[in-house]
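Below is one structure, written out as structure tokens, with a few remarks after it.
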Amino acid sequence: MNQAADILEAARRAARRPAALPQASLPADFAAAYRIQAELARRSGGTGGWKIAALVGEQQAKLGVDRPIAARILRPYVHQSPARLAAARFVQPAYECEFAFRLGRDLPPRAKPYDTAEIEAAIAALHPAIEIAESRVGAGAPALLVLADCFGNGAFIHGPGRSDWRSFDLATHAMTLRIDGSEAARGSGAAVPGGGPVAALLALANHQPAEGEGLKVGQYVTTGSCTGMTPMKAGQVAVADFGSLGNVRVEIGK
Numbered sequence: 713m714n715q716a717a718d719i720l721e722a723a724r725r726a727a728r729r730p731a732a733l734p735q736a737s738l739p740a741d742f743a744a745a746y747r748i749q750a751e752l753a754r755r756s757g758g759t760g761g762w763k764i765a766a767l768v769g770e771q772q773a774k775l776g777v778d779r780p781i782a783a784r785i786l787r788p789y790v791h792q793s794p795a796r797l798a799a800a801r802f803v804q805p806a807y808e809c810e811f812a813f814r815l816g817r818d819l820p821p822r823a824k825p826y827d828t829a830e831i832e833a834a835i836a837a838l839h840p841a842i843e844i845a846e847s848r849v850g851a852g853a854p855a856l857l858v859l860a861d862c863f864g865n866g867a868f869i870h871g872p873g874r875s876d877w878r879s880f881d882l883a884t885h886a887m888t889l890r891i892d893g894s895e896a897a898r899g900s901g902a903a904v905p906g907g908g909p910v911a912a913l914l915a916l917a918n919h920q921p922a923e924g925e926g927l928k929v930g931q932y933v934t935t936g937s938c939t940g941m942t943p944m945k946a947g948q949v950a951v952a953d954f955g956s957l958g959n960v961r962v963e964i965g966k
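For my numbering, add 712 to where a residue sits in the sequence shown, where the first one is 1.
Structural data, given as structure tokens:
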């Protein structure tokens with residue numbers, strides 16, 4: 713575990729593809745991948761949030777997994793809008809516009825599944841967000857290695873939160889991504905598979921790592937791309953406009 717964490721940590725810090733991991737250090741199962749994630753979080757200063765992937769069978773089949781998967785967003789990579797980030801920090805980045813929730817109470821791992829009412833009661837606020845997705849380990853890497861590397865999270869930028877989140881119809885709520893003032897992508901909450909953003913949070917709570925601290929109050933949970941992936945380049949200013957929910961702005965320095 714420590715050898716894999718060493719290699720992945722060095723790759724993230726240097727913004728490069730990681731050196732080949734010895735076969736013995738590759739995660740053999742979900743538990744091993746999550747332990748590597750936890751070690752990366754420990755070294756970086758903690759877990760600032762979570763993302764969820766493989767929500768539905770089609771996505772799971774594509775990845776070769778049999779369940780939704782959870783990935784930590786390391787605390788130093790959580791930013792408040794407006795943010796300025798250096799392009800040199802990334803390898804192959806892309807913007808994704810997403811709905812994110814900030815937790816108002818802990819959701820520890822447990823044997824009994826959470827229900828929707830419990831999940832909704834745990835939400836403190838809804839935030840517009842941009843995830844900068846990464847591909848540090850490269851196309852074709854084993855799914856468990858991608859998972860160990862925090863499932864391709866490069867950074868997370870959130871806008872202001874709304875505690876009245878229940879007043880928004882997330883399934884129809886639209887957003888537009890503009891880069892340097894020109895429209896680059898658009899979407900809505902209907903793009904989140906498996907029932908929408910709240911259902912994604914429910915899936916995360918019920919498929920989080922069985923070992924560890926669980927989902928903690930104050931952490932952000934980003935629920936999946938509503939706009940697809942838009943390649944990021946140096947020198948851009950990206951603004952995700954979520955209408956009445958607010959916007960998220962990130963400037964990418966050269």
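We put the beta carbon where it would ideally sit given N, CA and C, even for glycine. It should be emphasised that the depicted structure is a prediction, and the values quoted were computed from it without experimental measurement.
The Cβ atoms of Ala860 and Gln749 sit closer than 8 Å to each other. Straight across, the Cα-Cα distance linking Arg874 with Ala834 is about 14 Å. Per the Cβ contact rule, the stretch 890 to 898 is not in contact with the stretch 810 to 818 (fewer than 3 Cβ pairs under 8 Å). According to the DSSP assignment, Ser900 belongs to the beta strand (DSSP E) that extends over 894 to 900. Contact annotation: the stretch 736 to 756 touches the stretch 773 to 784, with at least three C-beta pairs closer than 8 Å. A distance below 7 Å between beta-carbons, with the five flanking residues on each side excluded, links Ala731 to the following residues of its chain, in chain order: Ile719.
In summary, Val904 is buried, with 16 or more beta-carbon neighbours lying within 10 Å of its beta-carbon over all protein chains present. Excluding residues up to 5 positions away in sequence, Arg729 lie with their Cβ nearer than 7 Å to the Cβ of Gly850 in the same chain. Residue environment: Val768 is assigned as exposed (fewer than 16 neighbouring CB atoms within 10 Å of its CB, all protein chains considered).
Cβ atoms of Glu846 and Phe868 stay farther apart than 8 Å, at about 11 Å.
Shortest Cα-Cα distance from Ser900 to any of Pro780, Glu721, Thr759, Gly940 involves Gly940. Checking the DSSP bridge columns, you'll see Trp762 partnered with Arg784, Val933. Counting along the chain, Thr884 sits inside no beta strand (DSSP E), nor does DSSP assign it H or E at all. A straight-line Cα-Cα distance of about 15 Å links Val960 and His885.
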